[in-house]
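Note sheet for the following structure.
There are 2 protein chains.
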Amino acid sequence: MVEVAVRLFTEAGYEATTMDDIAAATGMSRRSLFRRFGSKEDILFAEHDDLFETVERFLEAAPDDDPVATVRSAARMVFQEYVRSPEITVPRFRLVRAVPRLRDREIAMTARYQAAFSRFLGRGETAGRRALTGEALAASVIAAHNHVLRSWLHSPQEPVPWRRFDEAMAFVTGSLGALLREPAGRGGAAVQDAAPQESVLVAVYPAAASGEDVLSRIRSALGSEHG
Amino acid sequence: MVEVAVRLFTEAGYEATTMDDIAAATGMSRRSLFRRFGSKEDILFAEHDDLFETVERFLEAAPDDDPVATVRSAARMVFQEYVRSPEITVPRFRLVRAVPRLRDREIAMTARYQAAFSRFLGRGETAGRRALTGEALAASVIAAHNHVLRSWLHSPQEPVPWRRFDEAMAFVTGSLGALLREPAGRGGAAVQDAAPQESVLVAVYPAAASGEDVLSRIRSALGSEHG
DNA sequence: CCAAGTATGGCATCTAGTGTCATCATACGG
DNA sequence: CCGTATGATGACACTAGATGCCATACTTGG
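Residue numbers (the working numbering), protein chains in the order written: chain L, 0 to 226; chain H, 0 to 226.
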C-alpha cells in the first residue's frame, strides 16, 4: 500500500500526485487515507515514525553505564532498518532528494533522533559542559550515520558498508566521546585551540604503532607548539 | 509589518491566524502577502533567508587557509544577527518552540547552514575521511551555536554570552578540528574505541600543565590500556 | 439476535497557495 | 503634454491538503 504510493510519486512526481490519485490506486477512500497516515508526507515516513518510537524505547530501557555505546547501538539500529528494506528507503531517498518539502521532513526526522540522543547523552541536563558535549556528540553521530547511509543509498546494489559504518562511528565517538567521560577540568597543554581554562590534545595514528612511538610523536608535537 | 504578523501569531496562535487576518491587519491584500513572502511560514523566516545568503557569500569569498576558523566566524555572524534583533528572534523562538510546523522549518534552516559548513570544510568532497570529518565538525559547530543561542533566547534580558559562545566553539573545533588538519593515516594506540586501522587519542587537561606532565599522564593512560 | 464500539466512506468546509487578468502608478521617449 | 511600456498591487477563481460531521457497514461480546 505504501509501495503503491511510492510508485505513483516516482512515476508522476510527488506534487503532481494527489491524494485522490492514491485513493483511487489503493482502493481506499481519500478520507481513510488521511485517517491512517495523517498527511501526504506521512505516507512516506510512516514506518520511520515507528522506528523512532522503537529507538526511544531502546534508549529508555538501556542501562546508563556507557551512554556513548548505547547511542552508537541506537544509530546502528536505525542504519539496520534502512538497509533492511531498500525497496522503501531507496525510492524514498530519491524522492527526498528531489522534493524540498520532503527533504525538510526528512531533516526534521533526523533532528528528532538527534534530540533524543542529546537528551540521553546529556542525562537530562540542558546547560553546562556535559550538555554541550552531549549535543555535539549526538550531532556528530547523526552526521556519521547519514554520511555512510547516503553513500550506500546512492548505490544500494553494493554490499552494506557495515565496516565503514562502525569506523565512522568510532571516529566521531572516539574524540568527543572521551570528552564526555572526562570530568571537566583535567589536563595540560593545547596542541589545538581550545577553551581558555582547558586544553584538548588529539592524536590520530595507525593502530599498529607502539606506545613509545606514539609518545615520541606527541612529544615532538607539543614541543613545536610550545617552543 | 513582520512585527504585526508576529504579534497576531503570539496573541491568537499561529494556526488560528489566517492570511486574511494578516492582510487585514497590515492593510495589504492577501495576494500581495503571498507575493512578498512566498508562504505563511516565510513571514517569520524572511530575514533569516537573507542572513543565510550573506553567510554563503562570506564562505565563498573567504580564503581557505584556515577553514575551521572561517566556519567559526560564520557561526559567530549568525549568532550576532540573532542577538542583534531580539524583538524579532525572541518571539519567534517562543513560537517555534510551541508550533511543530515552525520547529521543523527552523530545523531545516539550520540544516542549510550545516550543509554549507560541511561543503566548505570538506572542500567539495562527499566521501572519504575528510568529508566525514567536515560533516561531523559542521554538525558540532551548529550544535554548539544552538546550545549557547538557546540558553540566551530563554533569558534575553541577560547580557549576550559571547564568552560562552567562543568557549563552546573552541571546545568543538578543538577536538574535531585537529582531526581535519591531520593527514589521515598517522598514529598508534587507542585510548578510546576507534576505527580498526586507525586510533584516536584524546587528552583533556588544564592549560597550565607542563608538557612533561601531560606526557606522563598519556604514558600511564596508554599503559593501562595496552597492559 | 441484538447492542456497543470501531473502522470506513461520503460530504461539506476551511485555508494555504497559485494562476490570471484588470487596474494603477511610475518612468520614459516623442 | 501625451502615449506607452513596465512593475506593483488587488480581485477573483481554482486547486489541493486537511479536518469535522454524520451515516453506514463491520466486528465483538453478551
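From the three backbone atoms N, C-alpha and C, an ideal C-beta is built for every residue, glycine too.
I need the boundaries of the alpha helix (DSSP H) containing residue i, first residue and last residue.
i                       : result
glutamate 6 of chain L  : It should be pointed out that residue 6 of chain L corresponds to arginine in this sequence rather than to glutamate. Start and end: 1-11.
threonine 88 of chain L : 85-97
glycine 127 of chain H  : No alpha helix (DSSP H) holds glycine 127 of chain H; DSSP gives it neither H nor E.
valine 54 of chain H    : 39-60
serine 31 of chain H    : 29-36
threonine 17 of chain H : Careful: threonine 17 of chain H lies outside any alpha helix (DSSP H) and carries neither H nor E.
Using a Cβ-Cβ cutoff of less than 7 angstroms, which residues in the same chain neighbour residue i once the five nearest sequence positions on both sides are dropped?
i                           : result
serine 215 of chain L       : none
phenylalanine 39 of chain L : The sequence as given places lysine at residue 39 of chain L; phenylalanine does not occur at that position. The answer, listed in chain order, is Met18.
tyrosine 13 of chain L      : Leu94, Val98 and Leu101
proline 182 of chain H      : At proline 182 of chain H the pLDDT is 46, less than 50, meaning the model places this residue with poor confidence and gives no usable figure here.
leucine 148 of chain H      : Phe78 and Tyr81
alanine 135 of chain H      : Leu175
alanine 4 of chain L        : Ile21 and Ile42
valine 159 of chain H       : Val82 and Trp151
alanine 45 of chain L       : Val1 and Phe36
alanine 138 of chain L      : Gln113
phenylalanine 57 of chain L : Ala73 and Met76
Could you check which residue in the options has the C-alpha nearest to that of residue i?
i                            : options                                   : result
leucine 50 of chain H        : H:Arg35, H:Glu59, H:Met76 and H:Ala22     : H:Met76
phenylalanine 116 of chain H : H:Ala61, H:Gln79 and H:Glu166             : H:Ala61
tyrosine 112 of chain H      : H:His47, H:Val147, H:Asp65 and H:Val98    : H:His47
glutamine 156 of chain L     : L:Glu86, L:Met108 and L:Ala130            : L:Glu86
arginine 128 of chain H      : L:Glu2, L:Ala169 and L:Ala114             : L:Ala169
arginine 122 of chain H      : H:Ala23, H:Glu59 and H:Trp161             : H:Glu59
glutamate 124 of chain H     : L:His146, L:Val140, L:Ser72 and L:Ala107  : L:His146
arginine 163 of chain H      : L:Arg35, L:Leu131, L:Arg29 and L:Val171   : L:Leu131
threonine 9 of chain L       : L:Phe57, L:Glu55, L:Arg71 and L:Phe92     : L:Phe92
glutamate 55 of chain H      : H:Leu32, H:Ala114 and H:Gly173            : H:Ala114
threonine 69 of chain H      : H:Arg34, H:Val140 and H:Pro90             : H:Val140
phenylalanine 307 of chain L : L:Ala73, L:Leu32, L:Phe33 and L:Glu2      : Chain L is shown from 0 up to 226; residue 307 of chain L falls before or after that span and cannot be answered.
glutamate 2 of chain L       : L:Thr109, L:Ser84, L:Phe57 and L:Val67    : L:Ser84
glutamate 52 of chain H      : H:Arg29, H:Ser28, H:Gly37 and H:Met108    : H:Met108
aspartate 65 of chain L      : L:Ser154, L:Gly133 and L:Ala138           : L:Gly133
histidine 144 of chain H     : L:Ala126, L:Ser154, L:Trp161 and L:Ala143 : L:Ala126
alanine 142 of chain H       : L:Ala110, L:Arg218 and L:Ala11            : L:Ala110
Spatial neighbours of residue i within its chain, please: C-beta separation below 8 angstroms, excluding the five flanking residues on both sides.
i                      : result
proline 195 of chain H : Confidence is the limiting factor: at proline 195 of chain H the pLDDT is only 43, short of 50, which leaves the residue's position unreliable, though a coordinate-based value still follows. Closer than 8 angstroms at the Cβ level, and outside the excluded window around proline 195 of chain H, lies no residue.
arginine 96 of chain H : Arg102
leucine 152 of chain H : Tyr81, Thr88, Val89 and Phe92
arginine 71 of chain L : Val140, Met168 and Thr172
leucine 7 of chain H   : Thr16, Asp20, Ile21 and Ala24
serine 28 of chain H   : Ala22
For residue i, which residues from the same chain have a beta carbon less than 6 angstroms from its beta carbon, with the 5 sequence-adjacent residues on both sides left out?
i                        : result
methionine 0 of chain L  : Thr25
threonine 88 of chain H  : Tyr81
valine 67 of chain L     : Thr172 and Gly176
glutamate 105 of chain H : Val95
Problem - Selection of the stretch 151-173 of chain H by Cβ proximity to chain L, strictly under 8 angstroms - result: Glu166, Ala167, Ala169, Phe170, Val171, Thr172 and Gly173
Handout entry: Cβ-based contacts, 8 angstroms cut-off: residues of the stretch 77-109 of chain L near chain H
Key = Taken in chain order, the members of the stretch 77-109 of chain L whose beta-carbon sits within less than 8 angstroms of a beta-carbon on chain H are Arg102, Asp103, Arg104, Ile106 and Ala107.
Practice task
Output, in sequence order along the chain, the residues in the stretch 23-55 of chain L whose CB is closer than 7 angstroms to any CB in chain H.
Solution key: none
Practice task
Using a Cβ-Cβ cut-off of less than 9 angstroms, list which residues of the stretch 117-131 of chain L approach chain H; keep chain order.
Solution key: Ser117, Thr125, Ala126, Arg128, Ala130 and Leu131
Exercise for the section: Below 7 angstroms between beta carbons is the criterion; list the residues of the stretch 134-149 of chain H that meet it against any residue of chain L, in chain order. Expected result: Glu134, Ala135, Ala138, Ser139, Ile141, Ala142, Ala143 and His146
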